[in-house]
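Novice: Residue numbers (our numbering): 174 to 450.
Built from N, CA and C at the ideal position, the CB exists for glycine as well.
1. With distance defined between alpha-carbon atoms, name the residue in 303, 302, 305, 323 nearest to residue 311.
2. Roughly how many whole angstroms lie between the Cα atoms of residue 264 and residue 250?
3. Which class does residue 423 belong to by DSSP, given the choice of helix, strand or coil?
4. Do the CB positions of residue 299 and residue 361 come within less than 8 Å of each other?
5. By the DSSP assignment, the beta strand (DSSP E) with residue 338 in it spans what residues?
6. Given this structure, state the Cα-to-Cα distance separating residue 191 from residue 176, to the nearest angstrom.
7. At the level of alpha carbons, what is the spacing between residue 447 and residue 241?
8. For a test of the three-state rule: what should DSSP assign to residue 306, helix, strand or coil?
9. In angstroms with no decimal places, state the Cα-to-Cα distance between residue 270 and residue 440.
10. Rounded to whole angstroms, what's the CA-CA distance from residue 297 to residue 221? Just pull it up for me.
11. Below 7 Å CB to CB, which residues in the same chain sit around residue 178 once its five sequence neighbours on both sides are set aside?
12. Mind checking which residues open and close the alpha helix (DSSP H) that includes residue 405?
13. Between the alpha carbons of residue 201 and residue 313, how many angstroms are there, rounded?
14. Going by DSSP in three states, residue 209 sits in which element: helix, strand or coil?
15. Whose CA, out of 430, 422, 407, 433, lies closest to the CA of residue 174?
16. Can you name the start and end residues of the alpha helix (DSSP H) that residue 315 belongs to?
17. Straight-line CA distance for residue 429 to residue 436?
18. What would DSSP say about residue 193, mapped onto helix, strand or coil?
19. Got a sec? Which residues, its chain only, sit under 7 Å from residue 189 by beta carbon, not counting five neighbours each side?
20. Fully enclosed by the stretch 342-376, which alpha helix (DSSP H) runs are 4 residues long or longer?
21. Counting along the chain, where does the alpha helix (DSSP H) carrying residue 262 start and finish?
22. Residue 331: buried (16+ other C-beta within 10 angstroms of its C-beta) or exposed?
23. From the DSSP output, read off the bridge partner residues of residue 437.
24. In this structure, how does DSSP classify residue 380 when only helix, strand and coil are distinguished?
25. Given a threshold of 16 other Cβ atoms within 10 Å of its Cβ, counted over all protein chains shown, does residue 450 qualify as buried or as exposed?
26. For residue 333, count the other beta carbons within 10 Å of its own beta carbon; 16 or more makes it buried, fewer makes it exposed. Which is it?
27. So the beta strand (DSSP E) residue 413 belongs to, where does it begin and stop?
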């Protein structure tokens with residue numbers, strides 16, 4: 174994997190190569206930072222019963238829009254009493270409440286971003302939904318006997334209670350061992366996200382340390398490098414060359430949390446010959 178970031182403020186180029194053969198190339202403009210799929214710790218600022226929705230400050234200017242149908246049960250306020258009927262938005266959320274949210278749609282015009290609390294974490298072969306046990310299955314693009322076989326493998330994966338899992342199209346033809354490997358990485362990522370959401374100021378473990386107040390960014394999936402690591406960092410990748418010190422350090426930090434087994438394969442490219450020639 175080759176990551177060219179010498180002009181990272183304008184463009185990122187990521188290539189997958191084997192010898193002299195280039196089998197994938199990603200070129201992404203970085204002039205406008207994407208927020209879609211990013212995960213934040215946000216604060217409910219307003220409840221609108223007439224809209225069956227809440228507005229959430231997630232630290233990116235205009236507040237985001239969170240409809241009732243996108244509020245996971247695990248996010249309901251602690252004093253919610255289930256009486257068997259469909260709840261109202263002001264029964265499950267309250268102003269000042271802090272939530273882990275994900276951006277579903279970017280803000281457009283005078284509309285704020287569409288938010289959800291049903292987090293989705295894509296991996297190489299799987300998509301983990303850590304607070305949506307009703308979701309799951311096999312990609313619709315996989316058909317026939319292979320689909321039936323993958324359903325059997327899906328039932329054999331060690332998925333924690335309360336979570337959902339989808340096998341992506343790239344998961345077709347993969348073994349139980351490979352899929353479990355990807356699942357373990359996603360579970361590690363979710364654990365890191367939860368720890369970051371509850372982090373205290375200064376990272377202190379002292380019980381007297383002040384709680385870090387929302388809003389703040391937890392996980393930036395809108396970053397092209399992070400997406401490339403997510404989609405392509407498989408066991409057969411034996412080297413990752415990066416030609417920019419800051420990006421190299423960011424990748425190492427990311428892998429320390431999620432994929433420590435790959436850190437030794439990351440190299441800072443210092444040769445005077447450009448990485449992309």
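Specialist: In terms of the structure at hand:
1. 323
2. 8 Å
3. helix
4. no
5. 337-340
6. 14 Å
7. 51 Å
8. coil
9. 43 Å
10. 39 Å
11. 185, 415, 416, 417, 420
12. 397-405
13. 28 Å
14. coil
15. 407
16. No alpha helix (DSSP H) contains residue 315, which DSSP labels as neither H nor E.
17. 7 Å
18. coil
19. 174, 196, 197, 405
20. 349-370
21. 262-265
22. exposed
23. Paired residues: none, contrary to the question.
24. Low confidence applies to residue 380: its pLDDT is 33, below 50, so where it sits in the model is not reliable, and the reading given next is rough at best. Looking at residue 380 - three-state DSSP - the assignment turns out to be coil, as it is neither helix nor strand.
25. exposed
26. exposed
27. 413-415
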